[in-house]
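Protein chains in written order, with our numbering: chain A, 1 to 218; chain B, 1001 to 1233.
Okay, structure coming up:
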């Protein structure tokens, strides 16, 4: 039970507010762009140097000089602008981007995030993630609640090398929506058909349950 | 007008030597100096330190220099998508300094702008901060990052003029402008080289003062790394 990747993206899309500039990370976060609520105008920033990113191009219309940070071919919308990498990260560090959505391997109950390195196994690099998490006021993590081995990714303390400290504000997983509060992971919503017990069992860090936890609206 | 045009790729890379530090523009395979990379691969020099956001793919971009073991050290932010790179790194043949992308961009910019170092919040509390000075500003911890410079910077632009002024296309701009600023010798290769006076001075992205040599590039492959499309309804 619980949400699939599209379900996670749809739930995160509800966090978009009119007038937001938004940076979406690679993977589930990219899908958020497909579910912008009606009546909401947002612009997507990609850290390789574009603001006003549109959908993927039609077959045959792709342009090698027009990609997003995931190196995928893209299009631009009216009002779009290109800029260099230093300007791009001025937007990010300077807090001109209102929302960052990114994936994670682990999140700890104080908001630390790890998503760039598994020592001895996988070292691809942090890309722009460290700059993004160090500065954004509003960071939402999109991820599965547990890893492929079934182990919790919501921990007391991250075991992998950190990407940033005390920065994550909200987490949307296949099982739940949680907020980072001083005491730990505050359970805000359950995914459809998922019980509080299931979420508790899948959460290694401190889970805070206040009253009746509502089920996510479809 | 100071004429920066060079006619051959050999002239463009003249003076490159083993053990030098190079900057190479581009994000993934977008906006990489294809002609210069080709020429460097053929030059046979090695022991290079390459500053580039990515390391190409196995058979294109900087992957060509990795294949021939010409690179001693990479300074990058993201190096996925390259199996040979991963192999050399995990086996210890290749030294790798991974740094946050925004810090990489700013360190290049600083190198060209006469700023020896700066404080940034990126990387605080992570491996990246190890050994670096930490200072609080406005109650937030920041780490000290130093400027990067290079013996040569190789950049790619869409249009350029003989005075060295450059205009980039789309997201092929990325790291090219900062690297152009930070090279002791900056070599720009362009898809269209025009006489000085033909480009609108108000539309130039990189002023020619940062460019020492400019060459009309040829045979651009402009390979797409992740071709992603939608189908018409």
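Every residue gets a Cβ at the ideal spot worked out from N, C-alpha and C, and that includes glycine.
All values reported here derive from a predicted model rather than from experimental measurement.
- With a threshold of 7 Å between beta carbons, residue 1105 (chain B) makes contact with chain A.
- Identification of chain A residues near residue 1169 (chain B) by a Cβ-Cβ cut-off of 7 Å yields 65, ordered along the chain.
- When C-beta atoms of the stretch 145-156 of chain A are compared with those of the stretch 201-211 of chain A, three or more pairs fall below 8 Å, so the two segments count as touching.
- The beta carbon of residue 79 (chain A) sits closer than 7 Å to those of 52, all from its chain and outside the five residues before and after it, given in chain order.
- With fewer than three CB-CB distances shorter than 8 Å, the stretch 108-119 of chain A does not count as touching the stretch 79-88 of chain A.
- Any Cβ of chain A closer than 7 Å to the Cβ of residue 1030 (chain B) would place that residue at the interface, and such an atom is present.
- Straight through space, the alpha carbons of residue 1121 (chain B) and residue 1140 (chain B) are spaced by roughly 8 Å.
- Looking at the DSSP output, residue 1183 (chain B) shares a beta bridge with B:1150.
- The CB of residue 1232 (chain B) comes closer than 9 Å to the CB of 58 and 59 in chain A, given here in chain order.
- By the rule that beta-carbons nearer than 7 Å mark a contact, residue 1222 (chain B) touches chain A.
- A straight-line Cα-Cα distance of about 12 Å links residue 1017 (chain B) and residue 1150 (chain B).
- Close partners of residue 49 (chain A) in chain B (Cβ separation under 7 Å): 1171, 1173 and 1174.
- With contacts defined by Cβ atoms closer than 7 Å, residue 64 (chain A) and residue 1222 (chain B) form a contacting pair.
- In the three-state DSSP reduction, residue 1177 (chain B) falls in the helix class (H, G or I).
- Sequence-distant Cβ neighbours of residue 48 (chain A) in its own chain, meaning closer than 6 Å and more than five residues away, are 69.
- When B:1048, B:1077, B:1005 and B:1029 are compared, the shortest CA-CA separation from residue 1059 (chain B) is found for B:1029.
- The beta carbon of residue 1213 (chain B) sits no closer than 7 Å to any beta carbon of chain A.
- Within a 10 Å sphere around the beta-carbon of residue 32 (chain A) sit 16 or more other beta-carbons, which makes this residue buried.
- Here residue 216 (chain A) is actually not in contact with residue 164 (chain A); their C-beta atoms are around 27 Å apart, not less than 8 Å.
- Annotated as proximal: residue 1182 (chain B) and residue 1111 (chain B), with beta-carbon spacing under 7 Å.
- When the alpha-carbon of residue 1081 (chain B) is set against those of B:1098, B:1054, B:1064 and B:1075, the nearest one is in B:1054.
- Per DSSP, residue 53 (chain A) is one residue of the beta strand (DSSP E) stretching across 50-53.
- Under the 10 Å beta carbon count, residue 1003 (chain B) is surrounded by fewer than 16 other beta carbons and is classified as exposed.
- As the crow flies, the alpha-carbon of residue 1114 (chain B) is around 26 Å from that of residue 1171 (chain B).
- Residue 189 (chain A) is bridged by DSSP to A:177.
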